[in-house]
């Protein structure tokens with residue numbers, strides 16, 4: 001149990017604590033299966049007190065999945081001093097590692113958006129826009145990110161979906177059945193990006 005009943009926590013600290021618990025549980029189960037009772041129990045508070053901080057289950061889920069999106073953007077941000085090609089590779093290294101470590105939660109994130117859950121769609125779209133902007137910056141065309149109907153933007157956006165799906169499928173295979181290493185997957189993804197941009 002994290003911080004069993006601690007009345008010294010500010011409202012903001014309590015909300016952060018509850019979101020953190022949700023993120024931890026998200027590693028093993030989809031967002032829509034998170035138990036409000038279990039989360040409240042982990043925090044050492046009652047279910048009704050949790051709803052004091054988050055008016056509804058949906059509000060809580062939005063807070064958790066938004067935090068997950070921010071975390072993905074944060075952990076995939078490479079060193080700003082790296083040359084563009086190395087920065088792109090480092091972003092992909094962290095992206096694949098993130099998906100591998102949190103595969104169940106990540107699939108829930110993607111499928112929640114694909115299933116049309118409004119809160120998941122919005123967070124997923126914002127996260128994808130952030131990643132697309134980052135890739136376009138590495139490619140030397142950051143201004144393209146402001147025109148999301150351009151062919152260049154759409155190609156990068158589609159490429160991210162390809163790299164994402166490849167990492168999801170690859171990370172779900174038993175290690176002895178994987179047909180490529182993580183490095184080979186990343187090399188392939190970068191090559192695919194450059195090929196796609198020439199089409």
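Residue numbers (UniProt numbering): 1 to 199. Idealized CB from N, CA, C, for every residue including glycine. On a predicted model such as this, the values are computed, not experimentally measured, just so you know.
8 Å Cβ cutoff met for residue i and residue j
i, j, result
"residue 96", "residue 182", "yes"
"residue 9", "residue 53", "no"
"residue 155", "residue 91", "no"
"residue 39", "residue 50", "yes"
"residue 55", "residue 138", "no"
"residue 197", "residue 157", "no"
"residue 132", "residue 166", "no"
"residue 178", "residue 104", "no"
Residue i versus the options, residue with shortest Cα-Cα distance
i, options, result
"residue 140", "149, 121, 153", "153"
"residue 109", "148, 196, 126", "126"
"residue 102", "31, 61, 130", "31"
"residue 159", "58, 185, 192", "192"
"residue 58", "119, 145, 174", "119"
"residue 33", "44, 60, 46", "60"
"residue 169", "44, 99, 74", "99"
Status (buried if at least 16 other CB within 10 Å, exposed otherwise) for residue i
i, result
"residue 48", "exposed"
"residue 194", "exposed"
"residue 124", "buried"
"residue 81", "exposed"
"residue 35", "exposed"
"residue 185", "buried"
"residue 24", "exposed"
"residue 11", "exposed"
"residue 22", "buried"
"residue 172", "exposed"
"residue 151", "exposed"
"residue 89", "buried"
"residue 4", "With a pLDDT of 44 at residue 4, under the threshold of 50, the modelled position of that residue is not reliable, and the figure given next carries that caveat. Exposed."
"residue 13", "exposed"
"residue 117", "buried"
Element boundaries [alpha helix (DSSP H), containing residue i]
i, result
"residue 23", "11 to 26"
"residue 145", "Note, residue 145: premise wrong, no alpha helix (DSSP H); not H, not E."
"residue 57", "57 to 75"
"residue 41", "36 to 43"
"residue 141", "Per DSSP, residue 141 belongs to no alpha helix (DSSP H) and is neither H nor E."
"residue 168", "151 to 171"
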